[in-house]
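Residue numbers (UniProt numbering): 1 to 160. This report concerns only the one structure given below.
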Amino acid sequence: MSSTIFFFIFILFLAFALLSLNLLLAPHSPYNEKDSSFECGFSSFLYQNRSQFSISFFLFSLLFLIFDLEIVLIYPYVVSAYNNSIYGLVIVLLFLAILTAGFVFELGKEALKIHSRQSNNLNNISIIPVASPIAFPFASSKGFNKKLNLTQPTNLFYSQ
């Protein structure tokens, strides 16, 4: 028996042994919550009859499937690129151009943007620092107690 055949038989035996050992020794406590789908960032409601699923995750999985199939369709050309003529190159470039146009269209329609339920509005935050001669020895009192716009760079120590 060659060493390659022995290696494959040994790997199959080892995989079967480890899987059966896992089934025998692993703790088993099934309940419905373990079998339900979980999405981070989505709170579920009590006594809900169906599982919650955002359509944007479905769209991401669909786009992943399309671009994964693109790689599968391009691979045969890449393997035989040395034997192909300019006609094969034009066909592959046309295929890539159509997929790129579709991807740009998806970006333009904001299909890849997941809208959060939480708003991150930083413009309405008021910061009122405590003026202390020890902490801010050079700060003027005119600059404090103002509503700050956190999207603009400001100087907290000197007011102009």
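Using N, Cα and C, we set each Cβ at its ideal position, and we do this for glycine too. Please read these numbers as outputs of a predicted model, since none were measured by experiment.
By Cβ distance, which residues of its chain are closer than 8 Å to residue i, with the 5 residues on each side in sequence left out?
| i | result |
| --- | --- |
| V92 | I74, Y77 |
| S2 | none |
| F30 | Rather than Phe, the amino acid found at residue 30 in this sequence is Pro. Hits under 8 Å: none found. |
Round the Cβ separation of residue i and residue j to the nearest angstrom and send it over; I've been treating them as touching at under 8 Å.
| i | j | result |
| --- | --- | --- |
| H99 | E106 | The sequence as given places Leu at residue 99; His does not occur at that position. The pair is not a contact, with the Cβ atoms about 11 Å apart (cut-off 8 Å). |
| I114 | S56 | 5 Å |
Assign residue i to one of two classes, buried (16 or more other C-beta atoms within 10 Å of its C-beta) or exposed (fewer than that).
| i | result |
| --- | --- |
| P137 | Bear in mind that a pLDDT of 47 at P137, under 50, signals an unreliable position, so the model cannot answer this. |
| F16 | exposed |
| S132 | In this predicted model, S132 has a pLDDT of only 47, less than 50, meaning its place in the structure is not dependable enough to derive any value. |
In its own chain, which residues sit with a C-beta less than 6 Å from the C-beta of residue i, not counting the 5 before and 5 after it?
| i | result |
| --- | --- |
| L18 | none |
Candidates the options: which alpha carbon is nearest residue i's?
| i | options | result |
| --- | --- | --- |
| E70 | I9, L94, Y87 | L94 |
| A101 | F67, V72, G88, N84 | F67 |
| V104 | Y82, I11, S80, L63 | L63 |
Which same chain residues end up closer than 7 Å to residue i when comparing Cβ atoms and leaving out the 5 residues on each side of it in sequence?
| i | result |
| --- | --- |
| I86 | none |
| N84 | Y77 |
* Asked: Of all the alpha helix (DSSP H) runs that stay within the bounds of the stretch 51 to 101, which reach a length of 4 or more residues?
  -> 55 to 79
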